[in-house]
Structure formats: C-alpha cells, structure tokens
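Here the sequence shown stands for residues 1 to 250, numbered as in the working numbering. Every residue gets a Cβ at the ideal spot worked out from N, C-alpha and C, and that includes glycine. Since the structure comes first, as structure tokens, the remarks are kept for the end.
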Amino acid sequence: MHFFVTGGTGFLGSHFLQASLADGHHVTALRRFGSRPRIQLKQEPNWCDGNLDADWSNNLKGCDVLVHLAAAGVATDKDNWEHCFLVNVTQSLALWRQALDCGVTRFLICGSCFEYGLTGLDYEYIPVDAPMRPTDAYSASKAAATMAALGLANSHQIKLVVARPFHVFGEGEAESRFWPLLVHAANTGQDFPMSHGQQVRDFIRVEDAALSILHLATQTDNLLVSPCIKNIGSGISRTLLSFAKEQWHI
Numbered sequence: 001m002h003f004f005v006t007g008g009t010g011f012l013g014s015h016f017l018q019a020s021l022a023d024g025h026h027v028t029a030l031r032r033f034g035s036r037p038r039i040q041l042k043q044e045p046n047w048c049d050g051n052l053d054a055d056w057s058n059n060l061k062g063c064d065v066l067v068h069l070a071a072a073g074v075a076t077d078k079d080n081w082e083h084c085f086l087v088n089v090t091q092s093l094a095l096w097r098q099a100l101d102c103g104v105t106r107f108l109i110c111g112s113c114f115e116y117g118l119t120g121l122d123y124e125y126i127p128v129d130a131p132m133r134p135t136d137a138y139s140a141s142k143a144a145a146t147m148a149a150l151g152l153a154n155s156h157q158i159k160l161v162v163a164r165p166f167h168v169f170g171e172g173e174a175e176s177r178f179w180p181l182l183v184h185a186a187n188t189g190q191d192f193p194m195s196h197g198q199q200v201r202d203f204i205r206v207e208d209a210a211l212s213i214l215h216l217a218t219q220t221d222n223l224l225v226s227p228c229i230k231n232i233g234s235g236i237s238r239t240l241l242s243f244a245k246e247q248w249h250i
C-alpha cells in the first residue's frame, strides 16, 4: 500500500515508519525542515519537507491511505490553546480535505487516550464510546479533531479509523518523560524520586503500538463499521510503581 504519513519524525511516527517500510509498503512522509526521526531508520521513506498547512496535493495523489500522526502539545505546550487548536484541528482538517480532494478516501488518524480525560476515573477499562471530558488544551484539541474527522467521514463516505493510543513508552521517547527518566536513573545507579505511584495506567511498548496502527491502516477498506474508534493499549492495568519496578530490573 502507499501511505502518506504526517508526524513521521515523532516518537510514535518514527516507529510507524520503521514498521511500515519493513512490511514492504510505499511511504511518503511529511516532515518539518530539519526534523529527523527519533530513532535510526533501517530504510528511508520518500520525504516531503515543509509545514502541515502547505499544499501537498501532488504528493497525496495516488496514495491509498492518509496516516495522520502529527500533533501539537504531546510532550510540551499542553496548555497552549491557540497552538494546539491551530495544528490539531484547523491545519489537520485542511490537510484531510486536501487528501479527500485528491481522491484519498481511507484515513487513519491518531487520537489520544487523553481525550477521555476525567472519564477515565469512572472505568477500569475505558470503552471507545465513553464520554470525552478533556482537561487541557492538548486533550481538548484532540477531542475536537476527532469530532471533525468523524463529521468529515460521515459526510464524504471516508473509511476512517481514529486510533487512540494509551501510555506508549520506549526508544525515542522524549527524555523528560517518565520511562526515559527511569531508565537513565537505573543505568547510572541513581535514585529515582517519584510519587507513591498508585496511579493506574495502561502502558504499551511503542513497537507494539506502531504495529497496531499499521494493522488498522491496512484494514481500513475492510471495516464493518466506518467511521470507527479503536483504543490502542496492552489491556493490562498497572500502577506507576509496579511498572517502575518491572522496568528497573529489565
């Protein structure tokens, strides 16, 4: 298949490129000028250099699936309302409409588990139809983007999957996040200060999350119900403390 991928130099996006190229797919990937993948790729996609809001019509023509992984506010700027909504809603929607105009009718759009927000307190396992109760600019903008994507899909008969990854960790993750800090402390023999760690999370390795998204991207034409939302996780609830102890000894 031929994918047009945004966010390919990000944490999850880099691993998606690795997985899709290894599986033999043709990949055209959009990146900002000077941006490089978070991991060393064994193969390189066909790179397009520029901004999300540019005209990518020539690159979108002939693509089978738009895989939209780009987002603002994932690691920083979670409370920058203007920037999160500009990138995650306005610019993203413009790109989706470009793709539609170019004949692309199969979309895989990456959402976020943070769209559920406070609703997560009400469930042990959050269903995809749980209400969205976001708590900051990033999660609110991702929830708004999901609604925009669902509306676009319903009005234009797009085969759409919105994939919502839960707590992804692994190689290439931002150094300021929990798992990289934990690994650094373990490897250097330092103490790792943290809370009591009773917060419950669903941690999934980035390689597994990337493969799940690749599977969904290749199955968009066979959806029984479209548009649809899929949660991407391990299905195992763990406290931060138990996860930290496990990773410390690996």
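Taking 8 Å as the upper bound for CB-CB distance, Phe114 and Ser139 are in contact here, some 4 Å apart. Beyond the five residues adjoining it in sequence on each side, Thr105 comes within less than 8 Å, by CB distance, of His156, Gln157, Ile158 and Lys159 in the same chain, given in chain order. Within the model, the alpha-carbon separation for Leu108 versus Arg31 is close to 18 Å.
Taking Ser237 as the centre and dropping the five residues before and after it, the same chain places the C-beta of Glu124, Val200 and Asp202 closer than 7 Å to its C-beta, in chain order. Using a Cβ-Cβ distance cut-off of 8 Å, the segment 6-13 and the segment 32-52 are in contact, since at least three pairs of beta carbons, one from each stretch, lie closer than that value. Residue burial annotation: Trp248 is exposed, with fewer than 16 other C-beta atoms found within 10 angstroms of its C-beta.
Residues of the same chain with a CB within less than 6 Å of the CB of Gln43, apart from the 5 flanking positions on each side, are Leu21 in chain order. Per the DSSP secondary-structure output, Phe243 pairs with nothing in a beta bridge.
By the neighbour-count criterion, in which a residue is buried when 16 or more other Cβ atoms sit within 10 angstroms of its Cβ, Phe33 is exposed.
When Cβ pairs closer than 8 Å are counted between the two stretches, the segment 161-176 is seen not to touch the segment 93-103, the count staying below three. In terms of Cβ geometry, Gln190 and Thr239 do not form a close pair [threshold 8 Å]. Its chain contains Asn80, His83, Cys84, Leu86, Val87, Asn88, Tyr138 and Ser141 as the residues whose beta carbon lies nearer than 8 Å to that of Ala72, once the 5 sequence neighbours on both sides are disregarded; these appear in chain order. Taking C-beta separations shorter than 7 Å and ignoring five residues to either side along the sequence, the partners of Arg36 in its chain run Thr9, following chain order.
A distance below 8 Å separates the beta carbons of His15 and Ala210.
In summary, Gly24 is exposed, with fewer than 16 beta-carbon neighbours lying within 10 Å of its beta-carbon over all protein chains present.
Taking a 10 Å sphere around the C-beta of Trp47, we find fewer than 16 other C-beta atoms and assign the residue as exposed. Nearest Cα to His196 within the set Lys230, Phe243 and Asn231: Phe243.
Between Val74 and Thr220 the beta-carbon gap is near 23 Å, outside 8 Å, which marks them as no contact. Within the same chain, Pro227 come within 6 Å of Leu150 by CB-CB distance, once the 5 residues on both sides are set aside. If you check the CB distance, Gly117 and Ile126 do not come in under 8 Å. Straight-line spacing of the CA atoms in Ala19 and Leu224 works out to 25 Å. Residue pairing from DSSP places Leu108 in a beta bridge opposite Val67 and Val161. Sixteen is the threshold: since fewer than 16 other Cβ atoms of the shown chains lie within 10 Å of the Cβ of Thr135, the residue is exposed. For Lys78, the CB contacts under 7 Å within the same chain, skipping 5 residues up- and downstream, are Asp136, Ala137 and Tyr138 in chain order.
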